[in-house]
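The structure appears below as structure tokens.
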Ligand SMILES: Nc1ncnc2c1ncn2[C@@H]1O[C@H](COP(=O)(O)OP(=O)(O)O)[C@@H](O)[C@H]1O
Ligand SMILES: Nc1ncnc2c1ncn2[C@@H]1O[C@H](COP(=O)(O)OP(=O)(O)O)[C@@H](O)[C@H]1O
Ligand SMILES: Nc1ncnc2c1ncn2[C@@H]1O[C@H](COP(=O)(O)OP(=O)(O)O)[C@@H](O)[C@H]1O
């Protein structure tokens with residue numbers, strides 16, 4: 028079992044979720060984070076004084092899936108998250124040891 | 028060392044935390060996320076127009092613990108998170124390589 | 028590849044990010060969480076009635092990095108997060124299996 | 094079902110009104126004759142209308158205070174209730190309520206004409222009186238939404254809003270202000286309530302108390318051990334803004350109740366209103382400071398409102414030092430009231446009962462104590478109103494106030510209890526526990542208050 | 094560029110004003126003579142000014158409603174627009190607009206003096222009239238910001254604000270209120286619009302419609318399948334508070350339009366205003382309840398405003414039952430209007446066109462139907478205003494109203510279309526798609542509305 | 094300790110008041126005689142009271158602006174300060190302050206009767222005057238909370254509130270408005286300040302400056318390199334709403350300062366107030382646009398307030414073009430002031446010093462420049478007020494204004510410095526660094542402003 032964590036632009040979440048729905052509709056958790064990588068932030072101002080904000084808002088999608096699903100899902104995400112401009116985000120893949128569905132008590136693959 | 032991540036109903040957080048307090052009071056981090064699994068969302072409306080919201084608010088509890096504690100803690104969570112209705116949530120378990128307490132510099136088991 | 032997750036005081040985030048900028052400026056994601064460990068919460072009140080809040084606001088910094096970077100980054104964080112008082116937070120390290128930069132499609136080390 | 098009933102009722106009302114309107118033989122709909130008879134009316138109309146606008150604006154204040162003191166998941170619900178009680182209340186009061194207060198008296202018990210403002214009512218004086226009474230009735234109505242917040246079904250609230258403006262409020266108001274029996278009590282000058290500590294606030298407060306009791310406490314208000322728990326409101330800035338708006342609106346409520354700009358006493362009333370609110374707020378702040386060591390804004394806000402309620406009845410018959418003293422007592426009462434209700438396991442989410450109910454009664458009694466004998470009943474001439482501390486007539490006046498206080502509690506609490514019990518039997522008054530947890534906004538209205546913000550709903 | 098033009102224009106205006114001011118031979122700048130001539134003026138001034146203050150406060154109401162009904166990422170933008178339309182509009186109206194409405198009539202088409210309030214205008218009566226007209230003009234201006242919200246470039250909005258207060262609004266207002274040709278139509282008493290359902294609201298609403306059409310819908314308002322999608326506003330409490338403020342301010346708008354406290358009919362106007370808002374709000378609530386089974390606050394708020402707009406023209410010529418009926422129709426219109434525009438793929442984020450445009454027109458027609466012949470045109474004497482339901486003159490009056498309604502639509506929509514098309518050609522009216530997604534707050538103003546809150550921006 | 098002192102002080106005040114009240118031989122507590130002597134009083138009372146209500150409502154405006162411009166972690170604190178300065182200030186002003194302004198003059202320096210509104214003060218005229226002076230004093234008091242926001246201990250603020258309303262404000266107000274020495278300067282008509290640019294705003298602004306200096310900047314306001322950093326406010330919508338409320342309230346502040354509805358000049362004052370605010374706001378917006386290329390709402394809001402402050406002194410003595418010019422200067426001053434204070438490493442979180450302090454002084458000088466000689470001092474008769482640009486008396490008047498400006502700066506800044514220094518020695522004025530980081534809401538009040546929202550506190 029693996030977990031895919033995709034950090035993407037907030038405005039792309041809708042499209043990605045729609046696309047995921049077509050590729051098997053996996054369970055997903057979405058979080059609001061802030062971050063920076065190559066993208067270096069933007070300038071805001073308040074009562075005439077400018078300042079640099081270096082953390083930008085992003086969304087993170089977490090999907091736990093079977094090992095063999097990873098590639099397909101990652102591709103789906105990449106296709107829908109990409110604009111080509113700096114700040115498109117990253118995807119990380121992590122090992123997961125077990126899963127459990129609280130409602131039924133199912134564990135492992137069954138529970139994803 | 029493992030990390031338990033339990034995605035649960037927001038309204039169950041209080042009960043789960045109380046129950047955890049009784050089973051050893053581990054350190055916990057709580058996050059507010061949105062997600063969907065089997066549960067398919069709900070219909071909201073705004074100025075006469077209905078729309079479907081497919082991400083529902085949930086809480087995620089993260090607990091880093093010793094390998095042997097996992098089962099006990101998972102059970103505690105399940106017992107207190109379960110309503111039997113769709114949307115009860117899931118628990119995932121991940122490997123953790125190391126831990127460090129910033130205040131004291133302790134590492135590994137000591138730091139949990 | 029590893030992921031460092033550091034749970035720290037909100038008011039320390041600025042300093043830690045500045046220090047990280049000096050040690051190689053890695054990509055970072057920041058989240059707002061609530062938690063408790065040794066620190067036991069505080070008393071608030073509302074219209075004359077006191078109550079205990081046992082989850083306190085914290086920030087979590089996530090950094091995916093090469094294995095050999097872990098120590099340096101952890102030290103940087105510890106140095107800047109420490110006050111010596113209860114509630115300084117913890118750092119956990121996790122294995123990461125892969126990374127991908129959405130914009131370019133680079134994978135693995137390249138993508139971090 | 095309810096929808097259809099509401100809609101049909103609404104149409105029926107209209108038909109009746111139109112029929113009634115057909116007879117209209119309007120005495121002075123343009124006001125030309127009235128003005129000719131008394132040119133001073135122009136300034137009186139300006140005064141009464143502007144004050145009435147301020148009272149109407151208190152609706153915004155109540156909406157903000159109640160929403161701010163409740164949780165984000167019920168904001169849409171509270172705002173809808175605060176809007177709709179004014180909306181439904183206005184229609185109900187127009188159809189029936191006003192006629193019950195100000196219509197031809199029937200045995201000292203009830204008024205019986207002027208329904209739908211029809212016929213002879215098409216007259217500037219009647220409309221002026223209607224406008225004034227309407228914004229007062231709506232104030233009484235809106236007080237209750239605070240006490241029953243976060244758990245009352247919306248449709249029950251709609252029916253409640255109609256009933257209080259159709260019947261509960263007008264009947265009692267008739268007794269006091271419509272030359273009903275309370276105003277003719279053979280003690281002092283009869284029961285007196287200058288701007289409505291009793292008529293408006295105590296009525297609202299005790300109907301609210303009945304509602305809170307019938308509904309029972311919100312999920313989580315009392316721990317498994319029975320101890321009260323705080324459920325903090327979601328926006329202190331909204332609650333504070335609402336309190337400022339209410340204070341501002343109260344300058345219409347109290348001074349405007351002279352119903353005439355030719356009683357220059359309006360300046361005294363404005364000052365008394367301010368001083369009482371100030372001393373009550375400071376007292377409440379200091380009391381909680383003594384208990385918890387913190388400067389509690391929520392209670393200071395409640396305290397200011399408590400002072401405003403308490404001074405509402407006596408404001409025209411006292412001077413400033415009495416206002417300050419009345420305020421100190423109001424501060425004690427509101428703090429004590431909040432703890433007292435919690436001890437009784439009654440859940441009043443915003444403190445409406447302590448602020449409006451208990452202090453409304455205190456205001457009535459305060460007339461019988463502090464009225465200083467310099468001012469008549471809406472008149473600058475004798476007979477003057479005297480309280481216990483001033484001259485011989487005081488004991489009688491105090492008695493009249495006491496009777497009025499007992500009556501208002503009995504009437505409002507009794508009617509409220511019956512109303513909510515009947516509603517419970519017919520419609521059910523309380524939302525499902527599951528819905529309560531989720532918040533009423535989505536369940537009843539489909540619209541979360543702050544859809545884009547991350548909120549920890551519990 | 095724009096900056097420089099703005100600044101130079103601003104300075105040029107001033108110079109002109111100072112030069113003009115130099116000639117000043119002020120008729121009665123202190124008001125002493127005016128008061129002597131008519132001591133009753135004191136109360137009239139108080140009435141008109143206080144009502145004018147209330148109308149100015151409606152700016153706050155619009156700001157809150159529009160911001161609350163839009164997304165958090167555009168709050169700073171909406172607030173800046175709502176402030177700056179008043180600011181720029183005041184200067185433009187002072188320089189030119191007022192003179193076009195109230196200056197010496199030129200062929201029934203346009204006024205042509207009193208620019209910059211210079212020369213003879215330094216007079217208490219003129220200043221009073223200016224203040225009143227100014228807050229009305231600013232209301233028309235601010236309505237549009239709702240219809241074009243979340244996608245219009247800020248600099249285009251600045252130019253728009255100047256143009257509507259310089260020209261579009263004043264010309265039409267001159268036709269109706271400045272003894273222009275519409276007021277002299279040979280039907281009934283000429284086209285009548287007591288407080289501005291047409292002059293203010295329909296003008297704002299139809300300029301807004303033009304703006305919404307030129308801009309096109311917001312990204313995401315219509316799905317790939319072309320179906321309309323809801324874009325919920327970020328703060329229901331802000332929108333509700335704004336509506337209460339508007340309702341409050343409307344008590345200045347309508348009753349104040351007598352421009353005299355000596356027409357005691359002001360009490361009737363206040364009542365009609367309330368009753369129409371109430372019945373429209375309830376109707377809108379029930380209609381959506383019938384459709385979705387939920388109590389929709391957003392539409393109930395829109396409904397209340399729709400009722401207020403609809404009663405604005407007839408408020409002084411009807412009695413309460415007619416106000417209730419007009420409100421019911423307004424409720425249907427606003428709900429229908431919202432769905433209708435969506436069906437046409439026009440995106441009006443806050444419902445401004447349905448509330449102000451459609452109901453503004455309805456208000457004009459309602460005069461021709463319900464005016465009951467008891468009241469003259471800003472006078473208590475004959476000739477009286479009569480609608481279709483009352484007496485023979487009704488058909489003529491209805492015709493006058495119909496003509497006015499057609500004219501206001503043509504004028505406002507036409508001017509709006511030209512204005513926004515020209516602006517689009519010159520400056521571009523719409524922000525980049527990327528900027529729209531990010532929100533206008535950061536792109537145009539650099540200041541997010543709620544920098545510390547976690548917001549899901551999309 | 095503090096609690097006990099506060100409580101005892103409070104009780105002592107009351108006892109005194111009751112004793113004093115016992116002697117009461119009230120000249121005209123009902124107002125019947127006053128009305129008989131001058132029936133025109135009715136409309137004057139309506140005017141003054143309604144305007145006074147509007148001024149009181151400015152408390153809500155200040156509360157919103159200050160809270161909106163500060164961080165979420167200090168919202169409860171700011172709201173509590175804004176409530177309690179009115180509460181404590183009212184009691185202090187009632188006990189002593191009013192007597193110092195309006196009591197029997199003692200050597201041109203101080204008034205010395207009417208304490209506690211006792212004895213002869215039980216009179217409609219005195220109460221009216223008290224109400225008016227009270228809401229003005231409270232405005233001066235509340236200005237300071239912005240300048241010292243986010244770091245001042247609450248108990249120090251309570252003491253400060255009492256002191257400014259007991260002493261600092263009343264003494265200076267006596268000099269100008271209570272027939273004290275400044276009003277009798279042998280230049281022009283003596284020092285003139287129509288509605289209080291100096292008496293209210295400059296006093297508040299410079300006491301605030303002293304507070305800001307004694308406290309030092311907030312943690313993080315200046316970087317390690319000493320460069321100023323922006324600390325954005327948490328809610329732009331709240332700040333904007335607050336500004337609209339203030340603008341609305343200012344229509345009470347300025348036109349109401351005629352203290353009579355029989356000076357029809359009130360219409361001119363209302364117009365001037367609007368035009369000055371508009372031109373100042375636009376100027377501030379354009380200046381920042383020139384610097385950063387963005388339309389800065391925060392500064393436009395500050396600009397509008399700056400214009401309102403600047404026109405407060407001259408509003409009754411100028412015509413509209415002068416108001417526009419004064420506003421342009423005000424716009425420059427507020428923008429320059431904000432940058433200037435930052436350059437001096439003084440931290441004024443909401444711009445209170447630039448808005449109220451600098452522009453208050455500018456308003457005083459503007460009287461000496463632009464007063465156009467058509468209006469007397471609160472009178473329509475000669476002698477008329479003339480500034481430098483109009484006639485020979487201008488130089489003298491300018492001198493009187495200059496002296497007043499110097500005096501107000503010296504008095505307010507001096508008293509402020511002493512007060513905050515003494516408070517610092519006795520109570521400590523600044524919260525712990527750790528508490529400042531955490532926010533004052535929890536530490537001092539126990540109540541976070543928005544407990545359910547996710548907030549990035551730093
Ligand atoms: N090494 C990393 N560890 C954790 N999060 C990262 C890392 N690198 C990037 N991120 C996250 O990904 C987001 C997008 O990264 P960015 O560098 O802007 O993308 P790109 O390089 O494709 O332009 C950042 O805002 C941050 O949240
Ligand atoms: N595969 C998954 N990966 C990540 N999160 C998931 C996954 N499946 C479910 N979740 C999370 O768990 C929550 C509850 O899942 P749900 O399917 O509604 O529970 P159940 O199946 O027990 O009814 C979802 O809202 C989502 O946040
Ligand atoms: N075992 C754990 N698992 C997950 N999060 C933890 C754990 N222990 C602590 N935390 C997180 O770390 C934060 C700081 O922990 P705390 O015990 O207060 O630090 P310290 O022990 O250094 O005083 C907590 O608020 C919580 O969010």
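Residue numbers (the numbering used here), protein chains in the order written: chain S, 28 to 139; chain U, 28 to 139; chain B, 28 to 139; chain G, 94 to 551; chain H, 94 to 551; chain E, 94 to 551. We treat Cβ as the ideally placed atom computed from N, Cα and C, and that holds for glycine. Quick caveat: nothing in here was measured; it's all calculated off a predicted structure.
Cβ-based burial, residue i [other Cβ within 10 Å; buried from 16]
{"i": "residue 104 of chain U", "result": "buried"}
{"i": "residue 452 of chain G", "result": "buried"}
{"i": "residue 521 of chain G", "result": "exposed"}
{"i": "residue 479 of chain H", "result": "buried"}
Inter-residue Cα distance where the pair is residue i and residue j
{"i": "residue 526 of chain G", "j": "residue 312 of chain G", "result": "7 angstroms"}
{"i": "residue 114 of chain E", "j": "residue 366 of chain G", "result": "Residue placement at residue 114 of chain E cannot be trusted, given a pLDDT of 48 that sits under 50; what the coordinates show is reported in the next sentence. Cα to Cα, the separation comes out at about 18 angstroms."}
{"i": "residue 116 of chain G", "j": "residue 212 of chain G", "result": "Unreliable placement is indicated for residue 116 of chain G, whose pLDDT of 44 sits below 50; the coordinate value is still reported in the next sentence. Spanning the two alpha carbons is a distance of roughly 6 angstroms."}
{"i": "residue 545 of chain H", "j": "residue 84 of chain S", "result": "12 angstroms"}
{"i": "residue 138 of chain B", "j": "residue 89 of chain U", "result": "27 angstroms"}
{"i": "residue 256 of chain H", "j": "residue 203 of chain H", "result": "15 angstroms"}
Whole-number beta carbon distance between residue j and residue i, since they are thought to touch under 8 angstroms
{"i": "residue 162 of chain G", "j": "residue 326 of chain G", "result": "4 angstroms"}
{"i": "residue 138 of chain G", "j": "residue 360 of chain H", "result": "6 angstroms"}
{"i": "residue 408 of chain H", "j": "residue 229 of chain H", "result": "No, residue 408 of chain H and residue 229 of chain H are not in contact; Cβ-Cβ is about 15 angstroms, not under 8 angstroms."}
{"i": "residue 368 of chain G", "j": "residue 183 of chain E", "result": "6 angstroms"}
Ligand 1 heavy atom lying under 8 angstroms from the CB of residue i
{"i": "residue 89 of chain B", "result": "yes"}
Any non-hydrogen atom of ligand 2 within 8 angstroms of residue i CB
{"i": "residue 43 of chain U", "result": "no"}
{"i": "residue 55 of chain S", "result": "yes"}
{"i": "residue 83 of chain U", "result": "yes"}
{"i": "residue 531 of chain G", "result": "no"}
Residue i CB to nearest heavy atom of ligand 3 below 8 angstroms
{"i": "residue 63 of chain B", "result": "yes"}
How about the stretch 506-515 of chain E and the stretch 288-298 of chain G: do they share at least three Cβ pairs that are nearer than 8 angstroms?
In short, these stretches do not touch, since the Cβ pair count stays below three.
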